[in-house]
Structure formats: structure tokens, C-alpha cells
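For reference, the structure discussed in these notes is given below.
In my numbering, the protein residues as written are 12 to 186.
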């Protein structure tokens with residue numbers, strides 16, 4: 012993933028839509044500096060706002076992440092239970108290696124930075140656990156995997172999370 016090319020693509024699409032960085036930022040409830048950082052390739056948009064950004068720019072998330080280049084779909088099915096188990100295993104690393112272990116500390120630092128919240132505290136609440144799993148499932152969908160609506164509704168208990176995942180799945184299945 013080339014952040015500079017992605018940034019150039021976001022800027023090009025923003026200009027095509029006759030939008031300023033400030034207007035994009037306001038629509039996404041973020042700072043215009045964040046938009047500037049994307050466009051220069053310093054950072055990437057957080058996965059939690061990629062759908063909204065893609066709607067604003069009238070492109071797919073896949074197009075953003077691939078700087079406008081077409082990407083072949085993988086057609087692999089997501090096992091949501093395995094995704095949830097993988098996330099749970101993060102907490103087991105602390106139990107096995109200890110909270111002061113370098114591997115654990117580095118892993119937590121990366122997760123906390125990506126999520127912009129302290130993972131261990133965030134993950135204690137059932138809704139937040141679903142949000143974390145949903146974010147991981149969305150990334151898999153963006154990467155070309157798929158999951159059927161029935162599986163989403165069986166695993167996720169919160170209807171707004173179900174609806175968001177179904178929307179993402181439909182959007183990416185129709186590419």
C-alpha cells in the first residue's frame with residue numbers, strides 16, 4: 012500500500028468533486044490537518060471513516076486504498092468466529108507473556124494507535140467488542156473477502172453494527 016499514491020488519489024478525487032480539505036473534514040467531523048496528512052501521504056484515513064470518505068468522493072474504499080487501481084476480488088469467506096478468536100488471543104498474549112513483555116507492549120501500542128483508544132479498557136464492554144470485531148471484518152471485506160448477511164446477523168447483536176457490515180458487504184460484492 013503506497014500512502015503517497017493513495018494521498019494523491021484522495022486529493023485528485025477531492026478536487027474533481029470541487030471540495031476543499033476543510034469541507035471534507037467537516038463532513039467527516041475531523042480536522043482539515045488530518046485530510047492534509049492523507050493527501051501528502053503522511054497518514055492514511057482511519058478504517059472507521061473510509062466508508063464515509065468513499066461516499067463523499069463517490070468512489071469505493073477499494074479504489075481509495077488502491078489509489079484508483081482495480082483489484083481482483085479474492086472471493087474468500089470470512090469466519091467471524093475465527094476473527095473474534097484472533098482478537099481474544101491478543102488478551103491471552105498478556106496472560107502468557109506478561110504485561111511487561113516487549114512483544115505484548117509493541118502489539119498494544121500498535122492497536123491503541125490504530126483504534127485511537129486504549130484497547131484493553133475499550134474491549135471490556137460487549138458493544139465495543141463487537142465494534143472491534145466489525146472493524147476487523149470490514150478490513151477483510153475491503154481486502155477482498157466476503158461474508159453473507161445471515162452470518163453477520165447471527166454473530167453481531169447490535170443492529171446498527173449489523174446494518175453497517177451489510178452495507179459494506181453489499182458495496183464490495185457489487186464491484
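Just so it is clear, CB atoms sit at the ideal spot from N, CA and C, and this is done for glycine as well.
Among the residues of its own chain, which have a CB less than 7 Å from the CB of residue i, if the five just before and after it don't count?
i	result
residue 54	48
residue 117	none
Along the alpha helix (DSSP H) that carries residue i, what are the first and last residues, could you check?
i	result
residue 116	113-126
residue 184	170-184
residue 18	14-27
residue 76	72-76
residue 131	130-133
Whole angstroms are fine: how far does the CA of residue j sit from the CA of residue i?
i	j	result
residue 152	residue 112	32 Å
residue 19	residue 176	28 Å
residue 79	residue 73	8 Å
residue 115	residue 106	10 Å
residue 70	residue 159	23 Å
residue 87	residue 129	31 Å
residue 182	residue 163	15 Å
residue 110	residue 24	44 Å
residue 138	residue 169	7 Å
residue 45	residue 52	11 Å
Consult DSSP for residue i and reduce its assignment to one of helix, strand or coil.
i	result
residue 59	coil
residue 88	strand
residue 47	helix
residue 157	strand
residue 31	coil
residue 41	coil
residue 80	coil
residue 167	coil
residue 162	helix
residue 137	helix
residue 99	helix
residue 93	helix
residue 65	helix
residue 147	helix
What residues in its chain sit with their C-beta under 8 Å from that of residue i, if we drop five residues either side in the sequence?
i	result
residue 161	none
residue 178	62
residue 67	28, 30, 35, 38, 39
Within its chain, find whatever has a CB closer than 6 Å to the CB of residue i; leave out the 5 residues flanking it on each side and keep chain order.
i	result
residue 167	141, 173
residue 21	49, 50
residue 60	39
residue 64	56
Fill in: Segment contact flag, the region 121-132 with the region 147-164, C-beta cutoff 8 Å, min 3 pairs
These segments do not touch.
Worksheet item: Does the region 31-40 touch the region 99-106, meaning 3 or more C-beta pairs lie closer than 8 Å?
Response: Judged by Cβ distances under 8 Å, the region 99-106 makes no contact with the region 31-40, as fewer than three pairs qualify.
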